[in-house]
Every structure is written in structure tokens, then in C-alpha cells.
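Okay, so here's the structure we're looking at.
Residue numbers (this note's numbering): 19 to 216.
This is the structure:
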């Protein structure tokens, strides 16, 4: 939970060190209090175009998102982290719902026990999904970590990187990537069926 002072500037809640408002925010919760400690009900923060992407994905999984819960963070870095976290979680839910209609899907299946807490080295041992026991699927909303995909390809000769909107990435041999999954989920189905038939 983050607490900071703010003022109303041009109808928008804006962080201000000596502001008369108090903003409490974090993990989907946002509350704005006036100088008397009473809740303010109608408030807005500066818009961010990335929130529109979150709304699109949220509508696909029938989840109601309060844009203010994403826009309330005073620091750009914190706001970006929260938007990416929520967008990634919603997209994973969307891909899981999509795949489980047609395939047997295991979510976050650990391939080996990670000793990262002991060694301090991060291991990628859990693809987002494993379809029918032998095709890994990694759902991405932003940049793709090539090292992560290479690590998964050691355990899964076949896999798909599913990208929510437009992006490109390089994948190892035997792996494919598909973009704009939010607009057309059928392409993801056909790629997975193609990999399963090989």
C-alpha cells in the first residue's frame, strides 16, 4: 500500500508534497481522502494509453477493472509495474480459458525444483501452460525474455509464444510465435494443433 499527498489540478489528482488530499493505493485498491479525512468519490488521474489494452483484455475474461487502481501510482515506474502485472495476469487467464476449451492444459507446471533461493541464480522452470503434456505455451503482453524461452526449449522441443497484441520475437527451433491473440484466438489453436500433430 502506497500513501502520498496530492492536489486537484485541472480536475486530475496530481501528486504534491504539500497537497491537501491523501491517496492510498495498491493492488486494485485506491482511496482518496480530503483534508478532513472523508472519502472523495468522483476523482480522476492522468490517463495512460496502456490502460486501454488492459480494458480490452479484461473484457475478454469478463473482469471489471477500475482504471484508477492502475493510474493512481505517483511514480511512473510503479505505475508501469502495476499495469504490466495486471495486464499479464488477465492475458494469462484469457489464454488459459481459450486453451482449456479444446485441450488438456496444466498451468505453471514446475519442470524441476528450483534452487534459486539458495543459489541466487534465477531458473526458468515453469512455462505458463503445458498443453497435452508436451507443448509449452508462454503468454506475453510485452517484451519476450529470450533466455526464458531458451530455458523452456530445453524441456519442451515444441512450444508457442502467444503475444497479446503486436510484437515480434525470435524463438528456438521447434517453437512458434503468434501475435494479436486477443483479436484472433483461432490462430493459436491452429498452431498448437500443428505442433501436436508433428
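Glycine included, C-beta positions come from ideal geometry on N, C-alpha and C. None of the values given here were measured: they were computed from a predicted structure.
- Look at residue 78 here: in three-state DSSP terms it is helix.
- It is roughly 43 Å from the alpha-carbon of residue 205 to the alpha-carbon of residue 59.
- Of the other Cβ atoms in all chains shown, fewer than 16 fall within 10 Å of the Cβ of residue 47; this residue is therefore exposed.
- In chain order, 108 place their CB closer than 7 Å to the CB of residue 81, counting only its own chain and leaving out the 5 sequence neighbours on each side.
- Note on residue 62: under 16 other CB atoms within 10 angstroms of its CB, so exposed under the neighbour-count rule.
- Residue state for residue 59 is assigned as coil, using DSSP reduced to three classes.
- In the DSSP annotation of this structure, the continuous segment of the alpha helix (DSSP H) that includes residue 211 starts and ends at 204–215.
- Spanning the alpha carbons of residue 102 and residue 159 requires a straight line of approximately 8 Å.
- Taking C-alpha positions only, residue 43 is separated from residue 86 by approximately 9 Å.
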